[in-house]
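Enquirer: Quick one: structure below, then a few questions.
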Amino acid sequence: MIARMPGLVPLLWLFTQSLALQVHAQSSDNEGMPWFQQNADSEKYAVILTGAAASDEIAGRFQRWTTELHHTLRDDYGYDSDNIRVLHDDGQGIDGLTLAGSSRVDDIADALARLQGEISSGDQLSLFMIGHGSGRFGDAKFNNVGPDMTGTDLAAMLEGFTEQDLVVVNTTSASFEFSRELSAMGRVVVSATRSPSERYDPMFAGYFIEGLKGQTADLDRNDRVSVLELFNYAAGRVAGWYDEQGRLATENAVLDDTGDGLFSREPGLNAEDGLLAEIAYLDVIVPEQAKTSPQARELLADMQSIEREIFILRNQKQNYLEDDYWRRLEALLIDLATRTRTYNALP
Amino acid sequence: MHYPEQKFPTLMSTISLLVVLAVPVASFTSSPAWAQEPVTEFDTSAQASLDRGNELLLRGSYLAAIEVFSRISDDFYQAQAALGLSQAHMETGQYGQAEAVLLRAIDDPADSPALATRLAELYMKTGRSQQAMLMLAEVIDGQLNPPVRTLVQYGLVLALRGDRSAADTQFNAALERYDGGLVFESADVAMVAVAARELNEFHDANALFSEAIRLDGNNLEALVLWGDLFQEKFNDGDAQTNYNEALEINRRYAPALVGLARVESPERNLSRALDANSRNVAALQTFGELMLRNGREEEGLGFLEQALDINPESVSALATLAARAAMNDDMAEFDRLLQQVNAFSPESAGFYASVGEFLGNNYRFTEAVEYARRAIDRDPRNWHAHTVLGGNLVRLGEEDEGKIHLEQAFDNDPFNVLTSNMLQVFDVLEEYATLETEHFRVNMSQRDAQVLWPYMAPLLESSWDRLVDKYGFEPEVPVVIQVFERSEDFAVRSVGLPDIGPLVGICFGKVVTLISPDTLSANWQEIVWHELVHVFTLQMTHNRMPRWLSEGISTWEERQGRPEWGRRQGLDLIRAVQQDQLLPVGNLNNGFTGANSDADLSFAYFQSYLVVEYIAEQYGFDDLLALIHEYAEIREESEMFHNVFGIDMETFDAGFRDWIDQRVADINVYVHAEDSPDEGDGHGHGVRENSSAILAELYNSESLKQYMRGRVQREPRDFQAHLQLGIVLFREEAFDEAITHLRTAHELLPDYTGYPSPALVLAQVYEAMGNEDAQREQLAVMLENQQHDFNAPMTLARHALDSDDLEQAAYYIDRALAVNPYRPEVHRVGAELAARQGDTARTVQEFEVLLTLDQNDPVAARTDLAQAYLANRQPDDARMTVLRALETAPTYERAQQILLHAVDQVGNQEDN
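Read top to bottom, the protein sequences are chains D and A. Numbers given in my numbering equal positions in the first sequence, counted from 1, plus 4. Numbers given in my numbering equal positions in the second sequence, counted from 1, plus 139.
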């Protein structure tokens, strides 16, 4: 099922890759780390699956999220409209959107099969699921018109995307068991809930889209939003909402990007998951007008090198005494800031 | 939940054995407790009568039981009949008859140990401990193995009479008997439990009571004694369960009713107890204490007098009277009562501890400490006294010593919920920050230290200066203020138990406890001010000021503090006058002690405030000050009023009533009898909701509209009708008509502060009409009187900033901070204002708070703060803060620039 499985990736190595990608300059020696290496030649596709709603009010909310997600990807993240496939309920239209079909199982299978024929190797496909879910252990479903789609069904439909990077964001209730079926090496899977018992409609999707809009979730200020940043933003906002309401949280989002089916509540530094999600960006890369003078190219290489050192140091924080860590980090950051200032001043 | 069963291993093994042994033994005994006389022959009819009598006794048919027992003539059953008969007489307060029955039945006490012990208990109940002691000594001397009950009762009488060591010998003998496997009956096991309790072996006492009930679920005495143990340890829930179990068996069982009265519905349960036994000393004494607590002095003293007539050796009743004498500085009376106690119980530690507890409960903490110390001097093992001492030291701000005594009490009596709770709060406080200003030492959570403290510190000191100047008095410093995040911790710190009702702040004189504003929706600054005024008035009177006046002055001062502070309960006042609810000034304390609801309590505050306002308005502040000073002395309230105002209380009260009538006439609003009063939490601190108007907001009811139109036609000054009509019309988008009624409502009662107010609804109407200027105008009108709203000042602050009116912006930001400093948006606006004013220190402050509050974007929060540090010439802080931002976002160019500037500034500073 997983075609590009290189075996386990050393942690430090992965960070180095992450750094290279963050400065928009792909390194040439990526044979051991084949995922999420999009460049200006890569295309990005999105499939939005919006299921059946339990009431008109909920249907309105699902439609609003679908529209907002579609427009944000198109307007703020550079997606070609043709590359966003919306599969909605029983196929009824949504103002301002061109539908690719209903979210019946057959239509989903057809749409994904068609997309498989269009998508190229190295492209990225993000699949967003909006709707209700239900499930017990081993029997999780996405509530769509007609027979409900199981996690196993969708996993089979995605099997053909062996040459692409996949991000799955399942925002439905009781989404966990379903999401676990989709877990695979090199794939980032986000689930709005962490157990089948979390069966109330989650707020996660709303905050996820909020984080996307205007790059609100861009925590590291690199003008790009990674799946990890989005996850952390939305999960944090959900927790904050429940806290503010004084209510016990009935949803806890989780993420898996190691393919082991073991999801993390707090992915990121020092966690099992999060390293791949950190380099999985949702935006389409736009070619930059690079500065071409020899000094600029040298400075850019230096900056990339320093940034790499910063990531390495940060990843080894626990190995340093507190003062020593900050002293080293400060020296690197001053160096980076100085060179960035110089680089910016160049024509 | 009952106590966890933890006992000594030896005792535990014995209990287990007895469970097995007790069942067959019990099945052969007809009378539960006293079947130890030799058996020779049976008279089945007498036996049946005895069983019937015992059953009637158990179920509370005391008179029928007396009749049945009286008819038993068989010699063989005489002793048991006498026991039943005497008990029935005792349960109905016929102590004389009970005594006569017992005396007739006893030839030689040593030969009739059960009867003699019962007689001794009767002597104890009627204040004849000396006779009881002699009687029990005779039984014990004459018996090789005296009954367990005799041993324990003898121990109790010896303990009462001050011979603790001899008492302990008897208690230990009872325990040894049990350990030897020789105690089988439920009643006797309960007595062993009493012995364990007296030896401070509370684990064992608990287990033994449990065992006694397991052996006989109908053992009422054991159920109540066990309940009393729970109650003594402030475990009201389990106590209540036990009392109720007893009452299910016998609803007239007075000891259970008295116990229950200490937990719930005191007057009702005590009345029921006295219905069953009008001479029950515990009921009379508890009733007396209740009446005194509620300010019903005469009735209270009457009950205590009755209790002492029956039992002149009631230590509790004597201690209550002595404490009352000490409260009034009547030391001659105190000494007389002390001598009375000393006559039968020399230097009783329990007496001193009870006096200390009473004084502490009446805010006389210094004296409470003194008496608790005397109790401990007499008996260092009196753990109750240690708890009283520790609790009152804490209220005086003597935390370290207080904690030592509480720990001592807990180590030896870990079941005392009050002690355990108070110690747990010390653990909470250990995690709290301790902050100081010139006159205050404040404990608050780390979060509050970050968010609240920057705004509280200047408020405390500026309030201090104003009040010192106004009252010409400087309280003892430092004043300790403790701000609790959890209302349970606040309650425990304040009263020892986790439920305190609607209170949000309490002042003990030198110590103030508050609920963190994070858990309130009220103006926290007004609450702080209110409590600080208490610090002054309580300290000025050595904590002798009555609650009504102290609350009245603090509430009156709210209005003096800031224009928008204070309570405006015009409708409540009119309603109270219509319903004749106003209390005479001399009885105002009853408004607090006798409050049956939050609304009652809230009105007690309001009326007290009105009296103070009347004094200030009619007589002047100097006379109010003079009245405060009067309360520093011990005098009759009427004398104090005469000294200050030159008139008696009745005349003062009449003047106050006239003033109130005039005020009602000035308000001149019609209040319909059907309208509900506004309701709110925090006894007046916080929003009070107009539930009728809220319902009108929710429904567009045609019938409601017609009804209100009718009311307005009949009574054009019907405020509530105009308001509700305005709301309904607004919902129907009949804006012009809505505006007319809402404006009329506002003109009728311009300072109305309930939610929703006419001004608030008008603002909403104008918003719906798209008239933003008029909307803001109404919000500003609303804020003249409504101090608990956050959104309106924020709207006005943003608009003022947009209009470059920085002064107005500052005013409204302060108004929002006074309600909720935990909302990030108020600090963002505050930071913008400070930056525009060039107030770099304030900008830093706002961003520091934001760093705590706004967790969504820590990189931005740190970068903003670093920028503010840089502007405020704090380059080192800027450097360290921006490093943390760049750690997450190393390519963030704005942060990079700040880092470079900060490093430059640090370098320049070092060069200079």
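The C-beta atom is built at its ideal place from N, Cα and C for all residues, glycine as well.
1) Report yes or no: do the stretch 41-48 of chain D and the stretch 118-130 of chain D share at least 3 C-beta pairs separated by less than 8 Å?
2) Nearest to H927 of chain A by alpha carbon, out of A:A548, A:P895, A:R475 and A:N910?
3) Tell me whether R336 of chain A is buried or exposed, calling it buried when 16 or more other Cβ atoms sit within 10 Å of its Cβ.
4) Which runs of the alpha helix (DSSP H), 4 residues or longer, sit entirely within the stretch 549-590 of chain A?
5) From this set, A:L918, A:Q379, A:E776 and A:D814, which residue's C-alpha is nearest M684 of chain A's C-alpha?
6) Taking 8 Å as the threshold (C-beta atoms), are L1039 of chain A and A341 of chain D in contact?
7) Taking R503 of chain A as the reference, give the member of A:A421, A:A771, A:D474 and A:E436 with the closest Cα.
8) Nearest CA to the CA of D264 of chain D: which residue from D:T197, D:G190 and D:E326?
9) Once DSSP output is grouped into helix, strand and coil, what is the label at D260 of chain D?
10) When you compare the CB of N323 of chain D with every CB in chain A, is at least one pair closer than 8 Å?
11) Could you check where the beta strand (DSSP E) with Q1013 of chain A kicks off and where it finishes?
12) For the alpha helix (DSSP H) that contains V328 of chain A, what are its first and last residues?
13) Give the range of the alpha helix (DSSP H) segment to which L476 of chain A is assigned.
14) Is there at least one Cβ from chain A nearer than 8 Å to W69 of chain D's Cβ?
15) Quick check: what's the CA-CA separation for E1032 of chain A versus R343 of chain D?
16) Starting from D224 of chain D, find everything on chain A with Cβ-Cβ shorter than 8 Å and list it in chain order.
17) Once you ignore the five residues that flank D857 of chain A on each side, which residues in its own chain have a CB closer than 7 Å to its CB?
18) Going straight from the alpha carbon of T71 of chain D to that of L216 of chain D, what length do you get?
19) Return the Cβ separation of S177 of chain D and D205 of chain D in integer angstroms, given the expectation that the two are a contact with Cβ distance under 8 Å.
20) I'd like to know whether the C-beta atoms of V643 of chain A and V716 of chain A end up nearer to each other than 8 Å.
21) How many angstroms separate the CA atom of I289 of chain D from the CA atom of G82 of chain D?
22) Using only alpha-carbon positions, find the residue among A:E538, A:G530, A:A548 and A:E506 that is nearest to P519 of chain A.
23) Going straight from the alpha carbon of M847 of chain A to that of D787 of chain A, what length do you get?
24) Taking the alpha-carbon positions, what's the A400 of chain A to E697 of chain A distance?
25) Of all the alpha helix (DSSP H) runs that stay within the bounds of the stretch 287-332 of chain D, which reach a length of 4 or more residues?
26) Smallest Cα separation from M330 of chain A: which of A:E340, A:A305, A:G301 and A:T289?
27) Counting only beta-carbon atoms, is T342 of chain D nearer than 8 Å to chain A?
28) Rounded to the nearest angstrom, what separates A203 of chain A and L431 of chain A at their Cα positions?
29) In its own chain, which residues sit with a C-beta less than 7 Å from the C-beta of A588 of chain A, not counting the 5 before and 5 after it?
30) Taking all protein chains shown into account, do 16 or more other C-beta atoms lie within 10 angstroms of the C-beta of I666 of chain A, making it buried, or fewer, making it exposed?
31) So, helix, strand or coil for I773 of chain A, using DSSP?
32) Does any residue of chain D bring its CB to less than 8 Å from the CB of V1042 of chain A?
33) Opposite S50 of chain D in the DSSP bridges: which residues?
34) On the CB-based measure, 16 or more other CB atoms within 10 Å of its CB, does I713 of chain A come out buried or exposed?
35) Output needed for E577 of chain A: all residues of its chain with C-beta closer than 7 Å, excluding positions within five of it in sequence on either side, in chain order.
36) By a C-beta neighbour count over all protein chains shown, 10 Å radius and 16 as the cutoff for buried, is T425 of chain A buried or exposed?
Expert: The short version:
1) yes
2) A:P895
3) buried
4) 556-570 and 585-590
5) A:E776
6) yes
7) A:A771
8) D:G190
9) strand
10) no
11) It is not in any beta strand (DSSP E) - Q1013 of chain A carries neither H nor E in the DSSP assignment.
12) S325 to E337
13) M470 to F483
14) no
15) 11 Å
16) V998, T1027, A1028, P1029, T1030 and Y1031
17) Y809, H811, R850 and V851
18) 13 Å
19) 5 Å
20) no
21) 8 Å
22) A:A548
23) 46 Å
24) 37 Å
25) 298-319
26) A:T289
27) yes
28) 37 Å
29) A572 and L574
30) buried
31) coil
32) yes
33) Note on identity: in this sequence residue 50 of chain D is Ala, with Ser being the wrong assignment. Note: A50 of chain D sits in a beta bridge opposite D:I88 and D:S130.
34) buried
35) E600
36) buried
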